[in-house]
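In my numbering, the protein residues as written are 2 to 444. Even for Gly, the Cβ is constructed at its ideal location relative to N, Cα and C. Working notes, beginning with the structure itself.
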Ligand SMILES: Nc1ncnc2c1ncn2[C@@H]1O[C@H](COP(=O)(O)OP(=O)(O)OP(=O)(O)O)[C@@H](O)[C@H]1O
């Protein structure tokens, strides 16, 4: 009975939250419509596209500094105002891209993102705010842009762009900006834009670099890290390119790739080879005539959410709570932390740990295994047997409980004959915060 009441309460809370968000969206749309009546100049409707013939006085004041640019001028502004841009991804790249497109006066701005704002987004996803943690990212970006320029029509899409919905959404926009963070969506957007004949402006930013990384090193901001200003620079460049295309100016990166290195402050501009006649998407005899399953094609998910690995059997895993009891009971063991050294400065479990970052396991497992055995032997006075005859435990931990499993798996094969008992902490430091110490930081 209790469970049912709890379930109903949580369902009710979810519904209330949904109603709150829908009300927010409705208010925003109503407000927008009101202001649009004041701001928008006379329009001529041609099919499903709205063309503006002239600029209002408010437009002239607002855009005056770009109107006096001979390369852009009134013609460019009117074209921009008649155009629509879809920004896919409302994160580190999408925020700067969207705000500059809105500020410059694009006519319609669509923003796609399935995710919600998290605290760890705010150092670089600068249109979201502390009070919007938990709110839809696409809505949050639309709200921030609306505050800057209410004359733009904003369409937030809280959904994951996939092979089923992509063409339908893309077809009502003139330019598409890829501000996502995973390979499957990048392929999807490429093919969808070729099929729909829409220009695509792609960008990527990781660590200190604004460039696509080599496939074997593909990671994401959550794993690889990123200095917030780097996506700011790349997203702004994407906005510039999209504005040029939408306003009828010459694009700069057609068949070109710009590489940015924030560590040494350099830009490199690389010429790409021209369209291949044999390309299966845009070649002379294309074989891809409709969107395919890009997650399967890339062998990777279309979100950067890390799936939980299940590599070890239950007997090789302990919970964070069980480890806390081990510490409490002073059970002798070796704690092996496999996170990169830089992450140890952020937080550590309350027990001295041997730190061997996980990439070293793949590089030289023999050396790693002997390093661990040395520490185990030192601790047990040259024996793996404890006074009561049981074997000593090596407890492996990482941030989320994926690398720790892979590390234990590799070590178990290597140390099979030594009698060392290897386990990992299920869910890593995340579950330590959840199960043992709510004050322990998560990152
Ligand atoms: N297929 C997709 N459809 C809609 N949104 C997408 C899709 N793929 C990625 N995104 C969105 O693109 C954005 C990419 O931005 P970014 O990498 O800065 O954010 P993040 O995923 O929140 O970062 P972190 O890795 O720190 O969690 C994310 O908000 C993500 O939800």
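Mind checking whether residue i and residue j have CB atoms under 8 Å apart?
| i | j | result |
| --- | --- | --- |
| residue 256 | residue 272 | yes |
| residue 210 | residue 263 | yes |
| residue 460 | residue 369 | Nothing can be reported for residue 460, as the shown portion of the chain is limited to 2 through 444. |
| residue 70 | residue 100 | no |
| residue 204 | residue 239 | yes |
| residue 199 | residue 174 | yes |
| residue 207 | residue 191 | no |
| residue 372 | residue 393 | no |
| residue 353 | residue 336 | yes |
| residue 181 | residue 89 | yes |
| residue 274 | residue 260 | no |
| residue 91 | residue 146 | no |
| residue 424 | residue 340 | no |
| residue 171 | residue 185 | no |
| residue 56 | residue 75 | yes |
| residue 293 | residue 164 | yes |
| residue 301 | residue 183 | yes |
| residue 283 | residue 195 | yes |
| residue 120 | residue 22 | no |
| residue 19 | residue 250 | no |
Is it buried or exposed, residue i, if we count other Cβ atoms within 10 angstroms and call 16 or more buried?
| i | result |
| --- | --- |
| residue 362 | buried |
| residue 43 | The pLDDT assigned to residue 43 is 42, lower than 50, so where the model puts this residue is not dependable; a value taken from the coordinates is nonetheless given after this. Answer is exposed; the Cβ neighbour count stays below 16. |
| residue 10 | exposed |
| residue 85 | buried |
| residue 242 | buried |
| residue 351 | exposed |
| residue 359 | buried |
| residue 420 | exposed |
| residue 78 | buried |
| residue 296 | buried |
| residue 445 | This structure does not reach residue 445, given that the chain is present from 2 up to 444, and the question cannot be answered. |
| residue 28 | exposed |
| residue 48 | Its pLDDT being 49, under 50, residue 48 is placed unreliably by the model, and the measurement read from it follows with that caveat. The residue is exposed, with fewer than 16 neighbouring Cβ atoms inside 10 Å. |
| residue 124 | exposed |
| residue 45 | The pLDDT assigned to residue 45 is 44, lower than 50, so where the model puts this residue is not dependable, and the model offers no usable value. |
| residue 235 | buried |
| residue 144 | buried |
| residue 53 | buried |
| residue 80 | buried |
| residue 440 | exposed |
| residue 342 | exposed |
| residue 142 | buried |
| residue 303 | buried |
| residue 417 | exposed |
| residue 412 | buried |
| residue 61 | exposed |
Mind checking whether the beta-carbon of residue i lies closer than 7 Å to any heavy atom of ligand 2?
| i | result |
| --- | --- |
| residue 162 | Among the ligands present in this structure, namely ligand 1, ligand 2 is not found. |
Over what stretch of residues does the beta strand (DSSP E) that includes residue i continue unbroken?
| i | result |
| --- | --- |
| residue 277 | Element bounds for residue 277: n/a, residue is neither H nor E. |
| residue 272 | 267–272 |
| residue 423 | 422–426 |
| residue 418 | First-last for residue 418: undefined, no H or E at that position. |
| residue 111 | 109–113 |
| residue 155 | 154–158 |
| residue 259 | 257–262 |
| residue 201 | 201–203 |
| residue 85 | 85–89 |
Could you spell out where the alpha helix (DSSP H) holding residue i opens and where it closes?
| i | result |
| --- | --- |
| residue 191 | 184–197 |
| residue 162 | Here residue 162 belongs to no alpha helix (DSSP H), and DSSP marks it neither H nor E. |
| residue 145 | 138–149 |
| residue 248 | From DSSP, residue 248 is part of no alpha helix (DSSP H); its letter is neither H nor E. |
| residue 518 | Outside the displayed range of the chain (2 to 444) lies residue 518, so it cannot be described from this structure. |
| residue 173 | Premise fails: residue 173 is in no alpha helix (DSSP H) and is neither H nor E. |
| residue 223 | 222–225 |
| residue 442 | From DSSP, residue 442 is part of no alpha helix (DSSP H); its letter is neither H nor E. |
| residue 298 | 295–299 |
| residue 130 | Per DSSP, residue 130 belongs to no alpha helix (DSSP H) and is neither H nor E. |
| residue 97 | 95–105 |
| residue 432 | 429–436 |
- Message: List, from N- to C-terminal side, the alpha helix (DSSP H) runs of 4 residues or more that fit wholly inside the segment 307–379.
- Response: Runs found: 321–329, 342–345 and 360–364.
- Query: Is the number of C-beta pairs between the segment 79–99 and the segment 124–137 that are closer than 8 Å three or more?
  - Reply: Because the criterion of three Cβ pairs below 8 Å is met, the segment 79–99 and the segment 124–137 touch.
- Counting Cβ pairs, one atom from each stretch, are 3 or more of them under 8 Å apart for the segment 326–335 and the segment 404–411? Touching, no.
- Cβ contact (3+ pairs, closer than 8 Å) linking the segment 422–434 and the segment 393–402: Taking 8 Å as the limit for Cβ pairs, the verdict is that the segment 393–402 does touch the segment 422–434.
- Query: So, do the segment 152–163 and the segment 107–125 have three or more beta carbon pairs nearer to each other than 8 Å?
  - Reply: Yes, the segment 152–163 is in contact with the segment 107–125.
- Query: In the segment 50–74, which residue ranges form an unbroken beta strand (DSSP E) of at least 3 residues, counting only runs that do not cross its ends?
  - Reply: For the segment 50–74, whole beta strand (DSSP E) runs of length 3 or above, ordered along the chain, are 50–53.
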